Amino acid sequence: KIFQAVVSYIGGDGTIYIIPKSFETALNKLMAEIQNTFKGLGLLIPYCWKKGEACVVRGSDTVWYRAKIVEVSGSTLQVQYIDHGYIESIPQCHLYPTTFYTGIPPFCIPCQLYKTLPIGNFWQQDAVDYLQELLKNEEVEIHVEELPDNPWGKLSISLYFGGMSLSSFMAYQKYCVAEDCQDIQKLGVFEGDLSPSYLLQPLPFPGETFPVTVTHLVSPKEVYICLDSSGNLTKHSATERAASHDSESLNKALKWCNKIVKTLPHLTNFKKELPCLAEYVDGLWYRAKLLSITQLVPVQILVQFVDYGTYLVAPTSRLRHIPCHLLKYPVQAVRVLLAGFKPASDDKNVERIPYSPEWSLKALWTMVDCVEGKRLSASILTLSPEVTISLYGDDKNLVHLKLIEMGLAELDE
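Numbering (full-length UniProt numbering) for the sequence shown: 1 to 413.
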């Protein structure tokens, strides 16, 4: 069985506690009920606690949780929060013995990685810390491999985060040995000799109107667009729905890649068009491709962020190998030419775009104002030799009409 779950805790022995997403509503309902039943402080009179006894615990966040006694030592008790997995030492005054809710099974499931042997036969503290940092409170995909011999045992699972196998990833980090490491190649982080490439975004049919956002402008006529996945998708075409799903999955995969990016090797191969991960000015890593070496000492590389169309000159320290599973998502940004207008022959503005001098900088900034942050729509006119579109503003008028009004462009039949 395969299902989505949230990792609630990593035990000191490497046990992974998960709460299936399908349990969330019932758990929230139970938690609300417990808060209404128990108010104020815990049991303030002496009580003889026994190991394994059911209770409710007032956590450090002042919320009551179901728990059981793990160990009794003086005035402090070690308890396990049965719906979340974590173990904590708590003074007796924060506990209350109860038989309420004992008929409801725990919502979290203790798991172990299937056919995965930690180095030294037990999970070292640094590995447990790393798992906790990587997985806690994150949504993951669980593949059930083997049921436990007894109902309280650990479920044997394969866990996937952002499309990557946790067993393979931890084996790659030398924390364990995974018996079934066939998908370690899928990490693709050591496949520098290969020359993979990105998939292209499938486009709607010519004549069909579809929502877009402009992610980058090269000139008023040459822009990069993304199919806009916001809004009511039931009205949208199959192409747009697929693009929306890809965009969502890609964002999740990139979020995970940003968490593990320091484990990915730096680029050593600088072949043109090579896919990679590059660090943008916001400190986050995005999918990119190499365009050219702009400087040799120190080495500076011109890259393009394929999901936005933007460019950056970056040192090699800001470029890393891209895991192969990130190549399965089509590039989100598509380069297009806008139809229906050309540079004004009598545009007297002296400041020109250096790489496209037929256009004034004023025309470029005016076009930026027309498209930035706006909900636009487009219709494809031609797919070759270049993708050419008509681009409409949120008022359903062609966006270039503003440039023509201002004398910065003229109609081009």
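Where a beta carbon is used, it is the ideal one built from N, C-alpha and C, also for glycine. Everything numeric in this text was worked out from a predicted model, so none of it was measured.
Rounded Cβ spacing between residue i and residue j (contact assumed at less than 8 Å)
{"i": "S156", "j": "Y114", "result": "4 Å"}
{"i": "I2", "j": "I142", "result": "7 Å"}
{"i": "D277", "j": "L264", "result": "For clarity, residue 277 is Leu in the given sequence; the question names Asp instead. About 7 Å separates the two Cβ atoms, so the contact holds."}
{"i": "Y96", "j": "R66", "result": "The pair is not a contact, with the Cβ atoms about 11 Å apart (cut-off 8 Å)."}
{"i": "K68", "j": "E53", "result": "7 Å"}
{"i": "V303", "j": "L290", "result": "6 Å"}
{"i": "L217", "j": "V331", "result": "Not quite, the Cβ-Cβ distance comes to about 18 Å (not below 8 Å), so this is no contact."}
{"i": "P298", "j": "R287", "result": "So it is not a contact: roughly 24 Å between Cβ atoms."}
{"i": "L381", "j": "P206", "result": "6 Å"}
{"i": "L403", "j": "M367", "result": "6 Å"}
{"i": "W123", "j": "D13", "result": "6 Å"}
{"i": "T316", "j": "L376", "result": "Between L376 and T316 the Cβ distance is about 37 Å, and since that is not below 8 Å, they are no contact."}
{"i": "A314", "j": "E279", "result": "7 Å"}
Simplified DSSP state of residue i, which is helix, strand or coil
{"i": "M31", "result": "helix"}
{"i": "S167", "result": "helix"}
{"i": "L7", "result": "Note that residue 7 is Val in the sequence shown, not Leu. Strand, per DSSP."}
{"i": "I404", "result": "helix"}
{"i": "A54", "result": "strand"}
{"i": "L327", "result": "helix"}
{"i": "R66", "result": "strand"}
{"i": "Y130", "result": "helix"}
{"i": "residue 435", "result": "Outside the displayed range of the chain (1 to 413) lies residue 435, so it cannot be described from this structure."}
{"i": "A276", "result": "Here residue 276 turns out to be Cys, not Ala, going by the sequence shown. Looking at C276 - three-state DSSP - the assignment turns out to be strand."}
{"i": "R320", "result": "strand"}
{"i": "S197", "result": "coil"}
{"i": "H84", "result": "coil"}
{"i": "G162", "result": "coil"}
{"i": "E24", "result": "helix"}
{"i": "G283", "result": "coil"}
{"i": "Q125", "result": "helix"}
{"i": "S156", "result": "strand"}
{"i": "I119", "result": "helix"}
{"i": "E413", "result": "coil"}
{"i": "I260", "result": "helix"}
{"i": "C370", "result": "helix"}
{"i": "L227", "result": "strand"}
{"i": "H135", "result": "Before going further, note that residue 135 is Leu rather than His in the sequence given. It is helical."}
{"i": "T294", "result": "strand"}
C-beta contact flag for residue i and residue j at 7 Å
{"i": "K21", "j": "Q4", "result": "yes"}
{"i": "I109", "j": "I18", "result": "yes"}
{"i": "G393", "j": "V387", "result": "no"}
{"i": "V177", "j": "L135", "result": "no"}
{"i": "L391", "j": "A409", "result": "no"}
{"i": "D228", "j": "T215", "result": "no"}
{"i": "D307", "j": "A333", "result": "yes"}
{"i": "S360", "j": "D346", "result": "no"}
{"i": "Q80", "j": "V70", "result": "yes"}
{"i": "G309", "j": "Y224", "result": "yes"}
{"i": "V7", "j": "E138", "result": "yes"}
{"i": "A253", "j": "L319", "result": "no"}
{"i": "P202", "j": "A363", "result": "no"}
{"i": "G42", "j": "H84", "result": "no"}
{"i": "S89", "j": "T98", "result": "no"}
{"i": "W64", "j": "I34", "result": "yes"}
{"i": "F169", "j": "V140", "result": "no"}
{"i": "A339", "j": "G407", "result": "no"}
{"i": "K342", "j": "D246", "result": "no"}
{"i": "K154", "j": "C111", "result": "yes"}
{"i": "V336", "j": "I293", "result": "no"}
Bridge-paired residues (DSSP) for residue i
{"i": "P91", "result": "T76"}
{"i": "Y175", "result": "Y175 pairs with nothing; no bridge assigned."}
{"i": "I2", "result": "H143"}
{"i": "S377", "result": "P211 and Y392"}
{"i": "E222", "result": "L337"}
{"i": "P315", "result": "Q300"}
{"i": "H245", "result": "According to DSSP, which records beta bridges pairwise, H245 is partnered with nothing at all."}
{"i": "T382", "result": "T388"}
{"i": "L254", "result": "Beta-bridge pairing links L254 to no other residue."}
{"i": "S305", "result": "Residue identity check: residue 305 is Phe in the sequence provided, not Ser. F305 pairs with A288."}
{"i": "Y96", "result": "V56"}
Contiguous beta strand (DSSP E) assignments of at least 3 residues, all confined to the stretch 329-366: 334-338, 341-343 and 356-360, all fully within the stretch 329-366.
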